[in-house]
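S.K.: Below is a structure I'd like to ask you about.
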Amino acid sequence: MGDDAELTAAVLAAQNGDETAFRTVYRTVHPRLLGYVRTLVGDLDAEDVSSEAWLQIARDLERFSGDADRFRGWAARIARNRALDHVRMRGRRPATVADETELTGRAAESDTAGEAMEALATGRTLALIARLPQDQAEAVVLRVVMGLDAKTAAETLGKRPGAVRTAAHRGLKKLAELLSEDAATAGGVDALPAQREPRSRAVTSAGVTHTRARTQKDM
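Here our numbering is used: the first residue of the sequence shown is 1, the next is one more, and so on.
In structure tokens form, the structure reads like this:
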């Protein structure tokens, strides 16, 4: 996730009109935010929805208050709202949310999270995450990819921290199973890096303006 202190400083500088700082914020947060949006609307619409989210982030940045973790949570809430608006407009519904119970067996989560992060950049893994129940997919991306703590992720989703931990644990466990099955089909985990897709689009979105002339150009 990079240095949280640097991201916090970049957000503050961007609020004061520093365009270079805003580009730093964008480059740091956007790839993971885009991954989150993909779990909500799919790959085809993710870029457009993410651009809409950055428009609002740029517009409302002056009103934000907090550190790097709170900024990631704030950005994720904005992106989630834009994604849900998009889903409603297109007449599609998110996957059915599974029932949630108290978290058990938490110790295994860190190892599984590492495996998920290792392979997350591949289109194959994003497709696997999309196969999880919606609550699990969102929890996994917010906790593992966006790096939010349980409290901030819960605020983003409008749920209890315990419910988010449970969903993340279940999602990571299921994702590990899917990764194992997929790796076996593809000929082993070593085959996964070859499936990486170009990431240039994730950091080159253009056309976002800000009240202080901030844009996504050249980010």
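Note that beta-carbon positions come from the ideal geometry of N, C-alpha and C, so glycine has one too.
Taking residue 26 as the reference, which of 154, 68, 167 and 44 has the closest Cα?
M.R.: Out of 154, 68, 167 and 44, 68 has the C-alpha closest to the C-alpha of residue 26.
S.K.: Leaving out five residues before and five after residue 155 in sequence, what residues of the same chain have Cβ atoms less than 7 angstroms from its Cβ?
M.R.: The answer, listed in chain order, is 73.
S.K.: Mind reading off the beta-carbon distance from residue 137 to residue 39? Whole number of angstroms is fine, and I expect it under 8 angstroms.
M.R.: Between residue 39 and residue 137 the Cβ distance is about 4 angstroms, and since that is below 8 angstroms, they are a contact.
S.K.: Specify the secondary structure class of residue 22 as computed by DSSP and reduced to three states.
M.R.: Residue 22: helix per DSSP, three-state reduction.
S.K.: For the alpha helix (DSSP H) containing residue 52, name the first residue and the last one.
M.R.: Note, residue 52: alpha helix (DSSP H), 43-60.
S.K.: Does the contact criterion of 3 or more C-beta pairs under 8 angstroms hold for the region 10-23 versus the region 75-94?
M.R.: Because the criterion of three Cβ pairs below 8 angstroms is not met, the region 10-23 and the region 75-94 do not touch.
S.K.: Would a C-beta distance cut-off of 9 angstroms place residue 132 and residue 162 closer than the cut-off?
M.R.: For residue 132 and residue 162, no; Cβs fall outside 9 angstroms.
S.K.: Would you call the CB atoms of residue 127 and residue 142 closer than 9 angstroms?
M.R.: Not a contact, by the Cβ cut-off of 9 angstroms.
S.K.: When the distance is taken between beta carbons, is residue 50 closer than 9 angstroms to residue 34?
M.R.: For residue 34 and residue 50, yes; Cβs fall inside 9 angstroms.
S.K.: Buried or exposed: residue 181, going by 16 or more other Cβ atoms within 10 Å of its Cβ?
M.R.: Flag for residue 181 reads exposed.
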